[in-house]
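Numbering (mature numbering (1 follows the signal peptide of the UniProt record, and there is no 0)), first residue to last: -20 to -1, 1 to 90. Let me begin by presenting the structure, written as structure tokens, before commenting on it.
Now the structure itself:
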């Protein structure tokens, strides 16, 4: 099944409308000691924790839509990774399952 231009335009417009309605400003990122991360444009967060053992979590707060679990407006994407492995969390999911703008992000050890 091919994606029509109208469907793509709608997928891109919904996050913009949600941002406009909620009045959200550009986001910030926070990191635990030994961890580093940065917002990758207005839609993703890259980072990693190094030194020691265990796991850490990347989180990005988005405004837009997400199919599973269903959300229109603010939602959070999370990923747990082993220490020493870099990762990325993004507001845009595969096959347009989510689309949004990043308004904040965190990286911390679990």
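Ideal placement from N, C-alpha and C gives every residue a C-beta, glycine not left out. Note that the structure is predicted; figures quoted are calculated from it, not measured.
Within the same chain, 60, 62, 90 come within 6 Å of residue 35 by CB-CB distance, once the 5 residues on both sides are set aside. Scanning the stretch 31 to 71 for uninterrupted beta strand (DSSP E) segments of 3 residues or longer gives 35 to 46, 51 to 62, 67 to 70, listed from N- to C-terminal end.
The beta carbon of residue 68 lies closer than 6 Å to those of 24, 26 in the same chain, with the five residues before and after it left out.
The C-beta of residue 47 has fewer than 16 other C-beta atoms within 10 Å across all chains shown, which makes the residue exposed.
Less than 7 Å separates the beta-carbon of residue 71 from that of residue 80. Taking the Cα positions, residue 32 is about 30 Å away from residue 42.
Residue burial annotation: residue 21 is exposed, with fewer than 16 other C-beta atoms found within 10 angstroms of its C-beta. Here residue 76 carries a helix assignment [DSSP, helix/strand/coil].
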